[in-house]
Amino acid sequence: MPLRWIPLLLLVVCPAALAQTFPDKPVRIIVPYATGGSTDLVGRILADGATEPLGQSIIIDNRAGAGGQTRAASRAPACGM
722 MPLRWIPLLL LVVCPAALAQ TFPDKPVRII VPYATGGSTD LVGRILADGA
772 TEPLGQSIII DNRAGAGGQT RAASRAPACG M
């Protein structure tokens, strides 16, 4: 008996999920190596290709040091740009 209500529930919930836009802020790609290297180049090529489909600007953030570990950078506040 309760299974008959699932399609009705999906009709109510799905439009609310589709109404949200993603991303609503600029996207930040953290490159764990210095500027000018091959990793930086690949990050910038990916950012150029993804800017138009996402509809948002993409910021390349180079964080050199710590042997490529980006744990400290990933713990930065989400709106700290």
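With positions in the sequence shown counted from 1, the corresponding number in the working numbering is that position plus 721. Glycine included, every Cβ here is placed at the ideal spot set by N, Cα and C. The structure presented is a predicted model; accordingly, all values stated were derived computationally and were not measured.
The shortest C-alpha to C-alpha distance from residue 784 to any of 764, 769, 743 is the one to 764. Residue range 759 to 775 is occupied by the alpha helix (DSSP H) that includes residue 765. When beta bridges are read from the DSSP output, residue 782 appears opposite 751. Contact annotation: residue 775 and residue 748 have beta-carbon atoms nearer than 8 Å.
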